[in-house]
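Going left to right, the sequence shown walks through residues 1 to 286 as the UniProt record's numbering numbers them. Idealized CB from N, CA, C, for every residue including glycine. The structure appears right after this line, and notes come after that.
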Amino acid sequence: MFDALPVTDRGALGIAALIYGAAFTYGLISILVRKRYSHASTFALLCGGFAIQTLGLNIRGLEVRGCPLGNFFEISQFICWSIVLLYFIVGPVFRLRLLGFFTAALATCISGISLLIPAWDQSYPPGIFGGNPWIELHAALAIFSYGVFAIVALVSVMFLIQQHGLKTKQFKGIYQFLPSVQQLDTMGKRLLVTGEICLSAALAFGAVFWVNNSELVPVFKLAMTCLVWLGYLIVIILQVQGKLVTKRHAIASILLFIFALLSLWPVQSASAANHPSAAQSSDPAE
């Protein structure tokens, strides 16, 4: 289907990263130099980058005969893709100004860094999910939930910046384009619950396979994923109880996302060590 295209999967993903970078650069110049922000231009650039990144992931998916989540490079790209997709979904609903700008910044970092580190893109045998729909669904949902948590982290950063502006009575520059702290706080809380639901569903679908194939699942991998799930659950409970609100809630959301990202590296390494030949039903996605 894509054989006639004059671009490779990495080529398409590289072009997408450049477009994301252009969206971020344009937004930065607009805010700092032109003193105004064009949502439409940023949105258009993100649409272009997303379309080309989707093409690149589809080409890679055909090559590996499954959802491209077999190494750290593919996982990073899928998280980046999920972040932009979620922006398209939640952006019009919450109408948060500058969310596109911050989304472009994070997408540029994640996509660009993964492309600059060749060691992340290790080869593996095609069909690593062994045609098991439960494992493939589990993997996709788990990584998608990380995309939700990434948006939560972005909203939390925006919240902290706006809160700082209010405390120091700064109302110009980037502060004038940011949404109110009330909007940001509400969106962050709702998305946090959404991400936890997605990760819970991912673990539930994975359990269907794990119950009968526990020897194929690295204990460390499962423990780290459950630790991330537990961390977000604790934050939600403390927030409901009123013990973790506003600034503390935002900081906790940012730190948890950083931990979730950092946990992917040892988890992926543990999976590779336990299944050096990419066993048929092993799942490297979490």
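Assigned exposure category for residue 286 - 16 Cβ within 10 Å defines buried: The predicted model places residue 286 with a pLDDT of 43, which falls under 50 and marks its position as unreliable; any figure quoted below should be read in that light. Buried, by the Cβ-count rule.
message: Between which two residues does the alpha helix (DSSP H) holding residue 119 run?
response: Neither: residue 119 is in no alpha helix (DSSP H) and is coded neither H nor E.
- request: Go to residue 38, then tell me how far its alpha helix (DSSP H) extends in each direction, as first and last residue.
  value: Element bounds for residue 38: n/a, residue is neither H nor E.
query: So residue 100 and residue 39 are in contact, right, with Cβ under 8 angstroms, and what is the actual spacing, rounded?
result: 6 angstroms
query: Relative to the alpha-carbon of residue 147, which residue among 175, 110, 44 and 18 has its alpha-carbon at the smallest distance?
result: 110
query: Smallest Cα separation from residue 209: which of 9, 134 and 98?
result: 134
- prompt: Out of curiosity, what's the CA-to-CA distance linking residue 162 and residue 173?
  reply: 11 angstroms
field: Cβ-based burial, residue 182 [other Cβ within 10 Å; buried from 16]
entry: exposed
- prompt: Going by other Cβ atoms of all chains shown within 10 Å of its Cβ, with 16 needed for buried, is residue 196 buried or exposed?
  reply: buried
message: Buried or exposed, going by whether 16 or more other CB atoms sit within 10 Å of the CB of residue 71?
response: buried
message: For residue 198 and residue 247, I'd like the C-alpha separation in whole angstroms.
response: 25 angstroms
- request: Count the other CB atoms, across all protein chains shown, that sit within 10 Å of the CB of residue 63; report buried if there are 16 or more and exposed otherwise.
  value: exposed
- request: Rank 32, 57, 27 and 18 by C-alpha distance to the C-alpha of residue 49 and give the top, closest one.
  value: 18
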